[in-house]
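Visitor: These protein sequence lines map, in sequence, to chains S and C.
Going by this note's numbering, the residue at position 462 of the first sequence is 462; the numbering climbs one at a time, nothing skipped.
Going by this note's numbering, the residue at position 429 of the second sequence is 895; the numbering climbs one at a time, nothing skipped.
Each residue gets a CB set at the ideal place from its N, CA and C atoms; glycine is no exception.
The model shown is predicted, which means the values in this text are computed figures rather than measured ones.
Let me begin by handing over the structure; questions about it come next.
Protein chains: 2
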Amino acid sequence: VLSLSKFFNPEAVAVIGVSRTPGKLGYEIVKNILQSGYKGKVYPVNPIARKILGLRTYPAISEITQSVDLAVIATRANTTPGLVEDCAKKGIKAVVITTGGFSEIGPVGEELESAISRIVEETGIRIVGPNCVGVFDAKTRVDTIFDPPSRLERPSFGSVAIVAQSATIGAGLMDWMAQQGVGVSKFVNYGNRCDVNETDLLEYLSDDVDTKLITMHIEGLKNGRRFLEIARRVSRIKPVIIMKTGRTEYGAKATLSHSAAIAGSDVIYSTAFRQVGLIRVMTVEEMLDVAKVFAYQSMPRGRGVAIVGNSGGAAIAAADACQDFGLVLVQLADETIKSLEGIFPSHYIIGNPIDLTGDVTASSIAQSLAAVLDDRNVESVILLIQWQVPLLESSVIDIIGKIAASHREKPIVLSAIGGAYVAKSSASLEKKTGIPTYPTPERAVRALHALVQRSEFLRKIGRTSS
Amino acid sequence: VLSLSKFFNPEAVAVIGVSRTPGKLGYEIVKNILQSGYKGKVYPVNPIARKILGLRTYPAISEITQSVDLAVIATRANTTPGLVEDCAKKGIKAVVITTGGFSEIGPVGEELESAISRIVEETGIRIVGPNCVGVFDAKTRVDTIFDPPSRLERPSFGSVAIVAQSATIGAGLMDWMAQQGVGVSKFVNYGNRCDVNETDLLEYLSDDVDTKLITMHIEGLKNGRRFLEIARRVSRIKPVIIMKTGRTEYGAKATLSHSAAIAGSDVIYSTAFRQVGLIRVMTVEEMLDVAKVFAYQSMPRGRGVAIVGNSGGAAIAAADACQDFGLVLVQLADETIKSLEGIFPSHYIIGNPIDLTGDVTASSIAQSLAAVLDDRNVESVILLIQWQVPLLESSVIDIIGKIAASHREKPIVLSAIGGAYVAKSSASLEKKTGIPTYPTPERAVRALHALVQRSEFLRKIGRTSS
Numbered sequence: 001v002l003s004l005s006k007f008f009n010p011e012a013v014a015v016i017g018v019s020r021t022p023g024k025l026g027y028e029i030v031k032n033i034l035q036s037g038y039k040g041k042v043y044p045v046n047p048i049a050r051k052i053l054g055l056r057t058y059p060a061i062s063e064i065t066q067s068v069d070l071a072v073i074a075t076r077a078n079t080t081p082g083l084v085e086d087c088a089k090k091g092i093k094a095v096v097i098t099t100g101g102f103s104e105i106g107p108v109g110e111e112l113e114s115a116i117s118r119i120v121e122e123t124g125i126r127i128v129g130p131n132c133v134g135v136f137d138a139k140t141r142v143d144t145i146f147d148p149p150s151r152l153e154r155p156s157f158g159s160v161a162i163v164a165q166s167a168t169i170g171a172g173l174m175d176w177m178a179q180q181g182v183g184v185s186k187f188v189n190y191g192n193r194c195d196v197n198e199t200d201l202l203e204y205l206s207d208d209v210d211t212k213l214i215t216m217h218i219e220g221l222k223n224g225r226r227f228l229e230i231a232r233r234v235s236r237i238k239p240v241i242i243m244k245t246g247r248t249e250y251g252a253k254a255t256l257s258h259s260a261a262i263a264g265s266d267v268i269y270s271t272a273f274r275q276v277g278l279i280r281v282m283t284v285e286e287m288l289d290v291a292k293v294f295a296y297q298s299m300p301r302g303r304g305v306a307i308v309g310n311s312g313g314a315a316i317a318a319a320d321a322c323q324d325f326g327l328v329l330v331q332l333a334d335e336t337i338k339s340l341e342g343i344f345p346s347h348y349i350i351g352n353p354i355d356l357t358g359d360v361t362a363s364s365i366a367q368s369l370a371a372v373l374d375d376r377n378v379e380s381v382i383l384l385i386q387w388q389v390p391l392l393e394s395s396v397i398d399i400i401g402k403i404a405a406s407h408r409e410k411p412i413v414l415s416a417i418g419g420a421y422v423a424k425s426s427a428s429l430e431k432k433t434g435i436p437t438y439p440t441p442e443r444a445v446r447a448l449h450a451l452v453q454r455s456e457f458l459r460k461i462g463r464t465s466s
Numbered sequence: 467v468l469s470l471s472k473f474f475n476p477e478a479v480a481v482i483g484v485s486r487t488p489g490k491l492g493y494e495i496v497k498n499i500l501q502s503g504y505k506g507k508v509y510p511v512n513p514i515a516r517k518i519l520g521l522r523t524y525p526a527i528s529e530i531t532q533s534v535d536l537a538v539i540a541t542r543a544n545t546t547p548g549l550v551e552d553c554a555k556k557g558i559k560a561v562v563i564t565t566g567g568f569s570e571i572g573p574v575g576e577e578l579e580s581a582i583s584r585i586v587e588e589t590g591i592r593i594v595g596p597n598c599v600g601v602f603d604a605k606t607r608v609d610t611i612f613d614p615p616s617r618l619e620r621p622s623f624g625s626v627a628i629v630a631q632s633a634t635i636g637a638g639l640m641d642w643m644a645q646q647g648v649g650v651s652k653f654v655n656y657g658n659r660c661d662v663n664e665t666d667l668l669e670y671l672s673d674d675v676d677t678k679l680i681t682m683h684i685e686g687l688k689n690g691r692r693f694l695e696i697a698r699r700v701s702r703i704k705p706v707i708i709m710k711t712g713r714t715e716y717g718a719k720a721t722l723s724h725s726a727a728i729a730g731s732d733v734i735y736s737t738a739f740r741q742v743g744l745i746r747v748m749t750v751e752e753m754l755d756v757a758k759v760f761a762y763q764s765m766p767r768g769r770g771v772a773i774v775g776n777s778g779g780a781a782i783a784a785a786d787a788c789q790d791f792g793l794v795l796v797q798l799a800d801e802t803i804k805s806l807e808g809i810f811p812s813h814y815i816i817g818n819p820i821d822l823t824g825d826v827t828a829s830s831i832a833q834s835l836a837a838v839l840d841d842r843n844v845e846s847v848i849l850l851i852q853w854q855v856p857l858l859e860s861s862v863i864d865i866i867g868k869i870a871a872s873h874r875e876k877p878i879v880l881s882a883i884g885g886a887y888v889a890k891s892s893a894s895l896e897k898k899t900g901i902p903t904y905p906t907p908e909r910a911v912r913a914l915h916a917l918v919q920r921s922e923f924l925r926k927i928g929r930t931s932s
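Right under this line is the structure:
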């Protein structure tokens, strides 16, 4: 098996089927590669044009005299088998086929896709696609996605890999991560996967030093047994968060006409995923929520949490969610309670949850957060901030950041409910402190629970970190 | 029982316990009322100061010679029983007690709260609170909330009422509604409800002509049987969406030290709510999602939906969610399929879902949306837009709006996954077309399902509209 590295670190990229018309997919792909910061060569292929976007074009792939590592094909479906053959003859090792109109549309498309698969078998060329947006590497900045960056923001370099069968789900997740400042290592949307599939990508990313966390969306598995074998191995090394759609009869039927994957029974997936240590999420929003806590926080020692905040109402919702997910509201140590009773006014509620009420201040949040983090019974903290109250100074963000930094061994998640000011405050806190923030207590608890699941899996297999 | 109208439409408001220090609750309340557009008189009460925020202050409530309809008390808890007595003597009919430190903190506070309840019984004065932010009326602009509008945006006038036991949940919801342009009629956060409770407010809002939809957060019920009786009556007139926290043992325990409500068994609540026609939601995010579809869309005739969009991946997730919620993906009529096959390229998937793929255009969305809305088998539409694709012109928003406007009898919901450009595009579409938009397909389907539940309830009781 050839390595997939040419997809992510090519020295030269050819784009086949580049129209002179802005908006057409091939044109947009070339434009995006040029804008993305990619340092390698770019060769547009067009039978008529001489220059596109300031680049010399080539009438055919065979006319490019320099060596090419990666080709992107964005022409009509029926031309692709011939073009893949040309790529193989040229010595190209990696091809992204963007075009749709293959197995997802029925027999005619299936035949075209089979023709491509045969070339893969004969030549060893590797294909991502067809029917996909391909790859983005946040370090080399190679970028085969046709969506313009003004519409789909590219993230900064970081530790989270995104592998997605669906472009909408994968690219939507990446767009959110870019917006929220979550760093990404590599992105792959693999569509119909006539060659490179979910298992290949999982295996490849398990060895990728830049990737600390793998997020994965699948519609079906090509070879379930092999996927689970690889997943079991990768899960020991780094966390893998997985979302599977096509869970239901309706979804499975829709899957057949999207990526032509066979969806399979959902209960079997859930059980198998759990057994091999994959962390399953149900929506792309949950994927983002969980990815953030994994990217930013350390593993908790156990299920014991403390809830601290200036909102009794949110604390009740958080307590409900803790019970739903089997997290334990611990009894605070006597010293913790006594020390806080000594400094707080009588209408603050000192217990678990701690409720600092509407006249909270930055210092009462700091005191209670520090106290629960120092408490030996507490293994993680759910912080609930009502940013809207008048007396809460924005200096609280730096104070929380300092306290969190000196207690890295205990994860913290935060929830704050509300509009523009709340979103801005939470985003600022997340950026400055690394505490992941969520718009509801339930989402904060759900994310924390995924971290707990991972820590329990690692203990079960005899590991204690990562 | 006195009407509650003085809380929402007072001709004069006194605020008791107004410090000269910005940030203190009483000061902020006066500041907010002055800024909110309220046209009545405002009398700050402070024993020492002569002027606060440019207003003449009064040393005691009894010193105000003019008549006062509503008083807001923001002093320490132990002073409140005496102040409520002063208010009653002055002839004030409505009092909001903002202050905390009552039954939620234990025996000392319970005694204070009982003292207030006794005054209520003796005098007939009505109290909202204690331990709450009180009321906001979007028409009269009376506003007893201490959170500044720069932090907690006040919404425009509209048809949705918010009743919440928790300030965080109620105010957070209102803040989101303001941000997203959902109009609000009245807001009440009632806290410990030593007098005015959830049932009183529900009954009052059922007769309020400005309110077409009631959203409600409760931690417990004061008198379950009476609440359900009233709820049954109100549900026949207008939809009531309810969120109950304190669902679990942990949550119930936290409730006791927040608003001192007894939480009760959750299964009993669910069953009882359903029987009387209340629509239950589990999180404040779901409350917002559901409120939007009720505020903007009509009742569907049944469970039959069509999924249309340019994202196969999102369509599968939507199809899964439809099955989860028992919505039915209908078979499109032959004419619909034939007419679309005649105009669409072969790689578009025409079925249910309809997948217009990555090279979608405004006109292909318009054609397919119009076709499914005209299809007799289709009773509502889930629209899935991937805004990021290069060829999708923003003119599509107006086109969708026109088509939706001529098919008002069939509800439409929209989902689009992604960052800043996606959020902006969806918000613009929601504002211009009245189609509620959601960040995930699952949330769009969940909201639509609530609408279906309501339409089925109305049919069951022999009504077909509202």
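Which same chain residues end up closer than 8 Å to residue 898 of chain C when comparing Cβ atoms and leaving out the 5 residues on each side of it in sequence?
Guide: Closer than 8 Å at the Cβ level, and outside the excluded window around residue 898 of chain C, lie 863, 864, 867.
Visitor: Would you kindly check if the distance between the Cβ of residue 496 of chain C and the Cβ of residue 593 of chain C is under 8 Å?
Guide: Contact flag unset, no.
Visitor: Where does residue 1 of chain S sit, in a helix, a strand or coil, going by DSSP?
Guide: Legend: pLDDT at residue 1 of chain S = 45, less than 50; position of this residue unreliable, no value from coordinates given.
Visitor: At what residue ranges does the segment 274-326 of chain S contain a whole run of the alpha helix (DSSP H), taking only runs of 4 or more?
Guide: Runs found: 284-296, 312-325.
Visitor: Please list, in chain order, the chain S residues whose beta carbon lies closer than 7 Å to that of residue 713 of chain C.
Guide: The answer, in chain order, is 320.
Visitor: Are any of the Cβ atoms in chain C nearer than 8 Å to that of residue 445 of chain S?
Guide: Cβ-Cβ to chain C under 8 Å: no for residue 445 of chain S.
Visitor: Please confirm whether residue 54 of chain S has its beta-carbon closer than 8 Å to some beta-carbon of chain C.
Guide: False, the Cβ-Cβ gap to chain C never drops below 8 Å.
Visitor: Taking Cβ positions only, does residue 825 of chain C come closer than 8 Å to chain S?
Guide: Chain S, which has a Cβ nearer than 8 Å to the Cβ of residue 825 of chain C, makes this yes.
Visitor: Hey, is residue 724 of chain C's beta-carbon within less than 8 Å of any beta-carbon in chain S?
Guide: Chain S contact via Cβ: present.
Visitor: Might you give, ordered along the chain, the residues of its own chain that have their beta carbon closer than 6 Å to the beta carbon of residue 158 of chain S, omitting 5 neighbours on each side?
Guide: These residues qualify, in order along the chain: 183, 184.
Visitor: Pop quiz: residue 481 of chain C and residue 538 of chain C are said to be a contact at Cβ under 8 Å. What is the actual Cβ separation, rounded to whole angstroms?
Guide: About 5 Å; that satisfies the 8 Å criterion.
Visitor: Return the residues of the segment 28-61 of chain S that lie within a Cβ-Cβ distance of less than 7 Å from chain C, sorted by chain order.
Guide: Going along the segment 28-61 of chain S in chain order, one finds 28 with a Cβ nearer than 7 Å to chain C.
Visitor: At a CB-CB cut-off below 7 Å, which residues of chain S make contact with residue 645 of chain C?
Guide: Result: 419, 420.
Visitor: Looking at residue 905 of chain C and residue 883 of chain C, is the spacing between their C-beta atoms short of 8 Å?
Guide: Cβ distance < 8 Å, so residue 883 of chain C and residue 905 of chain C count as in contact.
Visitor: Using a Cβ-Cβ cut-off of 8 Å (strictly less than) and excluding sequence neighbours within five positions of residue 766 of chain C, which residues of its own chain qualify?
Guide: So the qualifying residues of the chain are 845, 846, 876, 877, 914, 917, 918, 921.
Visitor: Between the segment 622-639 of chain C and the segment 497-507 of chain C, can you find at least three pairs of beta-carbon atoms closer than 8 Å?
Guide: The segment 497-507 of chain C, when compared against the segment 622-639 of chain C, does not touch it at the 8 Å Cβ threshold.
Visitor: Quick one: any contact between the segment 662-678 of chain C and the segment 278-289 of chain S, if contact means 3 or more CB pairs under 8 Å?
Guide: Verdict: no, contact absent.
Visitor: When burial is assigned at 16 or more other CB atoms within 10 Å of the CB, is residue 231 of chain S buried or exposed?
Guide: Residue 231 of chain S comes out buried.
Visitor: Taking residue 206 of chain S as the reference, which of S:239, S:335, S:53 has the closest Cα?
Guide: Of S:239, S:335, S:53, the residue nearest in Cα terms is S:239.
Visitor: Among the residues of its own chain, which have a CB less than 7 Å from the CB of residue 471 of chain C, if the five just before and after it don't count?
Guide: Nothing listed; no residue qualifies.
Visitor: Report, in whole angstroms, the separation of the C-beta atoms of residue 658 of chain C and residue 570 of chain C, which I expect to be a contact under 8 Å.
Guide: Indeed, because the Cβ distance is near 6 Å, the residues count as touching under 8 Å.
Visitor: Which residue comes first and which comes last in the alpha helix (DSSP H) that contains residue 32 of chain S?
Guide: First-last of the alpha helix (DSSP H) with residue 32 of chain S: 25-36.
Visitor: Are the CB atoms of residue 455 of chain C and residue 784 of chain C nearer to each other than 8 Å?
Guide: Absent from the structure is residue 455 of chain C, since the part of chain C shown begins at 467 and ends at 932.
Visitor: Is the segment 331-341 of chain S touching the segment 365-377 of chain S, taking contact as three or more C-beta pairs under 8 Å?
Guide: Contact holds: three or more Cβ-Cβ distances are below 8 Å.
Visitor: If distances are taken between C-alpha atoms only, which option among S:149, S:115, S:172 comes closest to residue 82 of chain S?
Guide: Per the Cα distances, S:115.
Visitor: Entirely within the segment 324-368 of chain S and at least 4 residues each: give me those alpha helix (DSSP H) ranges in chain order.
Guide: Complete alpha helix (DSSP H) runs here, min 4: 334-343.
Visitor: Quick one: what does DSSP say residue 492 of chain S is sitting in, helix, strand or coil?
Guide: Look at the range of chain S in this structure, 1 to 466, and you will see that residue 492 of chain S is not part of it.
Visitor: Under DSSP, the beta strand (DSSP E) around residue 600 of chain C begins and ends at which residues?
Guide: Its beta strand (DSSP E) spans residues 600-603.
Visitor: For the putative contact between residue 164 of chain S and residue 781 of chain C, defined by C-beta atoms under 8 Å, what is the C-beta separation to the nearest angstrom?
Guide: Not a contact, Cβ separation roughly 15 Å.
Visitor: Starting from the Cα of residue 680 of chain C, find the closest Cα among C:695, C:760, C:927 and give me that residue.
Guide: When only C-alpha atoms are compared, the closest one is C:760.
Visitor: Which residues in the same chain as residue 824 of chain C place their Cβ atom closer than 6 Å to its Cβ, once the five residues preceding and following it in sequence are excluded?
Guide: Around residue 824 of chain C: 855.
Visitor: Apart from the five residues just before and just after residue 78 of chain S, which ones in its own chain have a Cβ nearer than 7 Å to its Cβ?
Guide: Result list for residue 78 of chain S: 112, in chain order.
Visitor: Listed in chain order, which residues of the segment 372-399 of chain S have Cβ atoms closer than 7 Å to some Cβ of chain C?
Guide: Under the 7 Å Cβ criterion, the segment 372-399 of chain S contributes 386, 387, 388, 389, 390, 391.
Visitor: Is the CB of residue 919 of chain C under 8 Å away from at least one CB in chain S?
Guide: False, the Cβ-Cβ gap to chain S never drops below 8 Å.
Visitor: Could you tell me whether the Cβ of residue 283 of chain S comes closer than 8 Å to any Cβ of chain C?
Guide: Yes, its Cβ sits closer than 8 Å to a Cβ of chain C.
Visitor: Are residue 305 of chain S and residue 327 of chain S closer than 8 Å when you measure CB to CB?
Guide: Cβ distance < 8 Å, so residue 305 of chain S and residue 327 of chain S count as in contact.
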